[in-house]
Amino acid sequence: MTDSPYIPVAFFGATGGCANACLVHTLKAGYKASALARIPPKLINLLLSQGIDQFTIDSNLTVIQGDATDIAAVKRALVPGPNNGRMVSTIISGLGGSPKLQLSALTPVTLDNPHICEQSTNVLLSAIRELQSSQCSQAQQKPLLAIISTTGISSAAEDVPFLFRLFYHYFLAVPHQDKRKMERAIISSMDTTDPSDRPLRGGRGWKTLRVGTEDKPAVGYTIQRADVGEWIFEQVLKTGAEKWMNRMVTLTN
6 MTDSPYIPVA
16 FFGATGGCAN
26 ACLVHTLKAG
36 YKASALARIP
46 PKLINLLLSQ
56 GIDQFTIDSN
66 LTVIQGDATD
76 IAAVKRALVP
86 GPNNGRMVST
96 IISGLGGSPK
106 LQLSALTPVT
116 LDNPHICEQS
126 TNVLLSAIRE
136 LQSSQCSQAQ
146 QKPLLAIIST
156 TGISSAAEDV
166 PFLFRLFYHY
176 FLAVPHQDKR
186 KMERAIISSM
196 DTTDPSDRPL
206 RGGRGWKTLR
216 VGTEDKPAVG
226 YTIQRADVGE
236 WIFEQVLKTG
246 AEKWMNRMVT
256 LTN
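Here the working numbering is used: the first residue of the sequence shown is 6, the next is one more, and so on.
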């Protein structure tokens with residue numbers, strides 16, 4: 006990478022598995038990045054535990070403290086200080102809520118914030134529009150946006166194995182409703198790719214993944230957070246998502 010102070014990529018939800026794994030690959034490859042975090046020390050400790058040294062963090066990562074539903078904080082992550090008013094060219098979002106059990110026969114599983122994906126995505130899209138309309142960003146192209154979603158909510162082909170469907174459509178009704186609203190918000194956004202992943206476990210390498218699209222999904226049972234993050238780094242961040250622009254992508258082992 007060059008020694009330019011410009012930060013090309015912003016991360017949201019970087020303390021979560023998939024986005025965090027992508028951030029690790031991004032920093033290891035020498036890219037500069039910004040990341041919005043409610044608790045910055047939590048993010049720093051996660052990176053240190055995965056072999057990212059303090060020098061790399063200090064040199065290549067700008068952490069902005071704030072909430073993804075706060076448009077002012079989101080704007081600071083999209084236009085970090087070293088960029089001198091320029092917006093990042095790529096955005097990686099892996100935001101989501103924490104699951105919570107509740108006494109309900111219809112919706113036994115909910116989220117700590119059942120609308121977090123919808124709310125944060127709408128705030129992110131609003132922040133992008135406002136920054137683009139500002140004088141300092143008028144000549145800049147719309148950034149590439151990659152949002153990590155989930156399977157089991159496709160309106161096209163079924164992307165979940167038969168034996169998983171009861172679990173997905175019953176137990177995850179509330180989280181999936183939030184993800185559907187998030188996806189509707191981003192479908193109208195240009196320069197977007199949306200990787201949908203499976204239930205997650207350990208990592209085997211992004212080249213082992215099977216990749217599909219919404220019309221012809223890759224159907225499987227599990228995938229690894231590390232592999233999803235590496236795939237996004239290799240196929241979105243490094244290449245500009247040339248092959249996957251404006252696509253819903255499904256990933257599985």
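No residue lacks a Cβ here, since even glycine has one placed at the ideal position from N, Cα and C.
For residue i, the residue or residues it bridges with in DSSP
i    : result
F16  : A40, I97
S139 : BP columns for S139 are empty, so no partner.
I69  : L41
M187 : DSSP output for M187 lists no bridge partner at all.
V114 : L106
Own chain, CB closer than 8 angstroms to residue i, minus 5 neighbours either side, in chain order
i    : result
I49  : I62, V68
M92  : L83, V84, I133, L136, Q137, S142, Q145, P148
D75  : V128
K80  : A132, E135, L136
L205 : Annotation note: pLDDT 41 at L205 (below 50); position unreliable, no value reported.
First and last residue of the uninterrupted beta strand (DSSP E) at residue i
i    : result
Q146 : Note, Q146: premise wrong, no beta strand (DSSP E); not H, not E.
K221 : K221 -> no beta strand (DSSP E), and no H or E assigned at all.
Residue i versus residue j - alpha carbon distance
i    : j    : result
I97  : K37  : 13 angstroms
G101 : L108 : 22 angstroms
Q146 : S94  : 8 angstroms
I237 : T112 : 32 angstroms
Q55  : T126 : 28 angstroms
P222 : S154 : 14 angstroms
A19  : V84  : 17 angstroms
P87  : V254 : 32 angstroms
G207 : S138 : For G207, the predicted model reports a pLDDT of 42, less than 50, meaning its position is unreliable; a value from the coordinates is still stated below. Each residue's alpha carbon lies about 42 angstroms from the other.
I228 : S64  : 32 angstroms
S39  : L242 : 14 angstroms
A26  : T115 : 25 angstroms
K33  : L52  : 10 angstroms
E235 : A24  : 9 angstroms
G35  : I152 : 22 angstroms
Q124 : L41  : 15 angstroms
Exposed unless 16 or more other CB atoms sit within 10 angstroms - verdict on residue i
i    : result
D183 : buried
F172 : exposed
F60  : exposed
I44  : exposed
L150 : buried
T244 : exposed
I12  : buried
G22  : buried
E247 : exposed
P180 : buried
Min CB distance residue i to chain B below 8 angstroms
i    : result
V233 : As a matter of chain content, chain B is missing from the structure shown, which is built from one protein chain.
Spatial neighbours of residue i in its chain, beta-carbon cut-off 7 angstroms, leaving aside the 5 residues before and after
i    : result
D117 : G102, S103, K105
R134 : none
H120 : D183
D72  : R43, A78
Contacts around residue i, its chain only, beta-carbon distance under 6 angstroms, and the 5 residues preceding and following it disregarded
i    : result
L262 : Shown here, the chain extends from 6 to 258; a query on residue 262 therefore has no answer.
N- and C-terminal bounds of the alpha helix (DSSP H) containing residue i
i    : result
L242 : Run containing L242: none; DSSP gives neither H nor E here.
L214 : L214 -> no alpha helix (DSSP H), and no H or E assigned at all.
V84  : Note, V84: premise wrong, no alpha helix (DSSP H); not H, not E.
L28  : 22 to 33
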